[in-house]
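All remarks here apply to the structure that follows.
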Amino acid sequence: MRRVVFVALLSSDGRLALVADDLPGTVPRWVLPSGSVRAAEPYREAAVRVLRDAVGAMPVHGGAVEGCRWAQVPVPIGRSRREAHVFVFRLAEAGAPPEHLSRSGATRWTGPEQWQELCTRCDLPDVDVLLTGYLEGWIPDGRITLGP
11 MRRVVFVALL SSDGRLALVA DDLPGTVPRW VLPSGSVRAA EPYREAAVRV LRDAVGAMPV
71 HGGAVEGCRW AQVPVPIGRS RREAHVFVFR LAEAGAPPEH LSRSGATRWT GPEQWQELCT
131 RCDLPDVDVL LTGYLEGWIP DGRITLGP
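Residue numbers (the numbering used here): 11 to 158.
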């Protein structure tokens, strides 16, 4: 089973950082920064590692909400079995977010109107609800199951 973390990095004004997924031979897509979880590595530690790869020394605050997409059984045709966790972080400083994340290629900052499209591309149902609830304060701290 593949274990994956996604980092939802929000600016002080509530916009979400997306990075270009430049896979060879494909049209670039805008996705959340992500990475695989190493053997015996907790999901949160993997998320912090992915975050540091994306932002370097930029100060951030970690949220207390974790969105979980548990592995499906049976596995849908054409998909690998994976478990994905989404961790929410916020930039610590107010003002305009950086044009580019330090160790990423192209970066785009998006508002809530584009989050549903993001859910489809990352196969993370309800991530738009997770982010909206986090920003509005009605999602409780802890793990939230995403999708069916």
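All C-beta atoms, glycine included, are put in the ideal place defined by N, C-alpha and C.
Should the region 57-74 be called in touch with the region 91-102, which here means at least 3 C-beta pairs below 8 Å?
In short, these stretches touch, since the Cβ pair count reaches three.
Let's test the definition: count the other Cβ atoms within 10 Å of the Cβ of W148 and tell me whether it reaches 16, buried, or not, exposed.
The residue you call residue 148 lines up with position 138 of the sequence shown. It is exposed - the Cβ of W148 has fewer than 16 other Cβ atoms within 10 Å.
If you check the beta carbons only, do P107 and S46 fall under 9 Å apart?
By 1-based counting over the sequence shown, the position of residue 107 is 97. By 1-based counting over the sequence shown, the position of residue 46 is 36. Going by C-beta atoms, P107 is not nearer than 9 Å to S46.
Measure the alpha-carbon distance for A116 versus R25 and round it to whole angstroms.
Walking along the sequence shown from the start, residue 116 turns up at place 106. Walking along the sequence shown from the start, residue 25 turns up at place 15. Distance between the alpha carbons of A116 and R25 is about 16 Å.
Where DSSP assigns a beta bridge to R118, which residues make up the other side?
Position 108 of the sequence shown, counted from the first residue, corresponds to residue 118. The partner list for R118 (beta bridge, DSSP) reads L28.
Within a Cβ cutoff of 6 Å, which residues of the same chain sit near L111, ignoring the five residues on either side of it in sequence?
Position 101 of the sequence shown holds residue 111. Once the five neighbours on either side are set aside, the close Cβ partners of L111 are A64, V65, T117.
I'd like to check one pair, T155 with R79: are the Cβ atoms closer than 9 Å?
Taking the sequence shown and counting its residues from 1, the one referred to as residue 79 is at position 69. Taking the sequence shown and counting its residues from 1, the one referred to as residue 155 is at position 145. Yes; because the gap between Cβ atoms is below 9 Å, this pair is in contact.
So the candidates are V70, W40, V14, V15; which of them puts its Cα closest to the Cα of Q126?
Here residue 126 refers to the residue found at position 116 when the sequence shown is read from its first residue. Out of V70, W40, V14, V15, W40 has the C-alpha closest to the C-alpha of Q126.
Specify the secondary structure class of A56 as computed by DSSP and reduced to three states.
Locating residue 56 in the sequence shown gives position 46, counting from the first residue. In the structure shown, A56 sits in a helix (DSSP, three-state: H, G or I).
With a threshold of 16 other CB atoms inside 10 Å of the CB of G77, please say whether the residue is buried or exposed.
Your numbering for residue 77 matches position 67 in the sequence shown. By the 10 Å Cβ count, G77 comes out buried.
Cβ of L1 within 9 Å of Cβ of A74?
Because residue 1 is not part of the residues shown, which for the chain are 11 to 158, the question remains open.
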